[in-house]
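According to this note's numbering, the sequence shown is numbered sequentially starting from 7.
Where is the CB? At the ideal position from N, CA and C, for every residue including glycine.
Values in this document were obtained by computation on a predicted structure and should not be read as measured data.
Have a look at the structure below, then the notes.
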Amino acid sequence: MPPDQIVRIYSTSGTAGTPAYIPLTASDLENWVLGSSRSYGASGITSGQRIVSTYNAGPFVAGAALAAFERLGLLHIPVGIGSTERLMRAVELLRPEAVALTPSYAAYAVEWADERGFDLRGSSVEHLLVAGEPGGGEPAFRTHLERSWGALVTEAMGVGDIGPSLFGECERKQGMHLGARGFVHMELIDHETGAIVEMQDGATGELVLTHLCHRAAPLLRFRTRDHVRVWTSPCKCGRTSPRLRCIGRTDDMLIVRGVNVFPAAIREVVSAFAPDVSGHILVRPQTPAVKQDPPLPVAVELGRGRAADSSLADAIRERLREVLIVQTRVDLVPWGSLERSEYKSKLVER
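Right under this line is the structure:
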């Protein structure tokens, strides 16, 4: 690829070493924006609406996805991360119909507003577009956000090395549609053996993606480390593209006596016990290894004003055993004792 055809270079965070640099030609960038527009457009947001975004894109590929808002004809109001007061002021004064943020930040904003008497349900916000981490599609967690904000919640998902906002959910909320159809090819594999998993309704496995028409540094069969469930049948909305839901990251996964356990799945089970619990959890592995001996320690934060109750801990532990087939030790901790985040939540203590 001649250097004079490269128009932009993004990078990964480099948290595991040297950042990976991602060059783009003009056509690559256009495909990214088009795919992101399809993904966000599936949510039902329409031209003329106002949307507040809370992503500090910087060198990361999420910045390209933000151009999709203008492509869709939205009035885009970027406020960035780090000041919930600035976010709420924008909501109050500029009256946007939609807000784009991570699931963790959406939950944090609920607590922030509750503590300050800010009426989220009475605000102009009708739609939350959540992305950046698993969780937005978890039924109990989604219900909590929708009730607290008084807004529809749909999720989107990208993969930094491949492209932003590759998948986006429609108002049916039955999985994220492949908005980048024609630009990437998706497969499923067994994350341990690498064997191909047949793409059919309900199949689960690690998501593998291949660039189809990327000109600068295309990737072939890139392992995303995202463990997903897919649906291949047409959606009731009329779209025929494959859909998926991210269950969790394989690099966060723990194995307890042969059972694969995803922290996000633990959070989903625990969230169903609200308002006795806040929905915040922290898995505390006994060793740094992936394989853990039972019981797996899980800190579960109590709801505001709730006292520790052994019967509640027993009920949560039993429900985790029934749903996830994992033996846990549930430690109830006081409200506010687990870390909050204006970006992504840490679910595993490393």
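{"Check": "By the 10 Å Cβ neighbour count, where 16 or more other Cβ atoms means buried, how is I253 classified, buried or exposed?", "Outcome": "buried"}
{"Check": "Find out if the Cβ-Cβ distance for the pair G143, E175 is shorter than 9 angstroms.", "Outcome": "yes"}
{"Check": "Ignore the nearest five residues each way along the sequence and tell me which others in L344's own chain have a CB closer than 6 angstroms to its CB.", "Outcome": "H286, L288, E307"}
{"Check": "Which of helix, strand or coil does DSSP assign to W38?", "Outcome": "helix"}
{"Check": "Could you name the residues of the same chain whose beta carbon sits closer than 6 angstroms to that of V354, not counting the 5 residues immediately before and after it, in chain order?", "Outcome": "D258, P269, V289"}
{"Check": "At what residues does the beta strand (DSSP E) containing H220 begin and finish?", "Outcome": "Unbroken run through H220: none, as it is neither H nor E."}
{"Check": "So the candidates are G138, V276, D125; which of them puts its Cα closest to the Cα of S110?", "Outcome": "G138"}
{"Check": "If you follow the alpha helix (DSSP H) that G254 is part of, which residue opens it and which one closes it?", "Outcome": "Not the alpha helix (DSSP H): G254 falls in the beta strand (DSSP E), residues 249-255."}
{"Check": "Mark T334 as exposed unless 16 or more other C-beta atoms lie within 10 angstroms of its C-beta, in which case mark it buried.", "Outcome": "buried"}
{"Check": "Measuring alpha carbon to alpha carbon, tell me which of D207, E76, V190 ends up nearest G181.", "Outcome": "D207"}
{"Check": "Nearest-angstrom Cα distance between Y16 and I322?", "Outcome": "43 angstroms"}
{"Check": "Which residues in the same chain have their Cβ closer than 8 angstroms to the Cβ of V214, if we skip the five residues on either side of it in sequence?", "Outcome": "M192, E193, L194, I195, R227, F228, R229, T230"}
{"Check": "Quick check on Y61: does DSSP put it in helix, strand or coil?", "Outcome": "coil"}
{"Check": "Just curious, the beta strand (DSSP E) that L327 is in, first and last residue?", "Outcome": "Reading off the sequence shown, one finds Arg at residue 327, where the question assumed Leu. R327 -> not in any beta strand (DSSP E); alpha helix (DSSP H) instead, spanning 316-330."}
{"Check": "DSSP beta-bridge partners for I15?", "Outcome": "P29"}
{"Check": "Taking R122 as the reference, which of E91, P145, R312 has the closest Cα?", "Outcome": "E91"}
{"Check": "Kindly indicate which three-state DSSP category T108 falls into: helix, strand or coil?", "Outcome": "coil"}
{"Check": "Report, in whole angstroms, the separation of the C-beta atoms of Q55 and E103, which I expect to be a contact under 8 angstroms.", "Outcome": "4 angstroms"}
{"Check": "Assuming S277 and F124 form a contact by the criterion Cβ under 8 angstroms, report the distance between their Cβ atoms to the nearest whole angstrom.", "Outcome": "Not a contact, Cβ separation roughly 23 angstroms."}
{"Check": "Alpha carbon to alpha carbon, what distance is there between E76 and D34?", "Outcome": "18 angstroms"}
{"Check": "Check each candidate in P65, S129, L40 and name the one with the smallest Cα separation from W155.", "Outcome": "S129"}
{"Check": "Could you work out which residue in V336, S42, S347, V339 is closest to G166 when comparing CA atoms only?", "Outcome": "S42"}
{"Check": "Given L81, which residues of its chain have a CB within under 6 angstroms of its CB, disregarding the five upstream and five downstream residues?", "Outcome": "R56"}
{"Check": "Taking only the alpha-carbon atoms, compute the straight-line gap between T31 and M163 and give it to the nearest angstrom.", "Outcome": "22 angstroms"}
{"Check": "Where does Q292 land, buried or exposed, given buried means 16+ other C-beta within 10 angstroms?", "Outcome": "exposed"}
{"Check": "I'd like the span of the beta strand (DSSP E) that includes L172, first residue to last.", "Outcome": "169-175"}
{"Check": "Note down, in chain order, each residue of its chain lying with its Cβ closer than 6 angstroms to the Cβ of N37, except the 5 sequence neighbours on either side.", "Outcome": "F189"}
{"Check": "Just to confirm my understanding: we take V116, look at its own chain, exclude 5 residues before and 5 after, and list those with CB closer than 8 angstroms. What are they?", "Outcome": "L126, H150, L151, S154, W155"}
{"Check": "What did DSSP end up calling R290 once you bin it into helix, strand or coil?", "Outcome": "coil"}
{"Check": "Using the three-state DSSP reduction, which class does A96 fall into: helix, strand or coil?", "Outcome": "helix"}
{"Check": "Counting along the chain, where does the alpha helix (DSSP H) carrying A70 start and finish?", "Outcome": "68-77"}
{"Check": "Does P170 pass the burial test, meaning 16 or more other C-beta atoms within 10 Å, or should it be called exposed?", "Outcome": "buried"}
{"Check": "Determine whether the beta carbon atoms of R14 and P29 lie at a separation below 9 angstroms.", "Outcome": "yes"}
{"Check": "Sort P224, P145, A271, L302 by Cα distance to I168 and report the nearest one.", "Outcome": "P224"}
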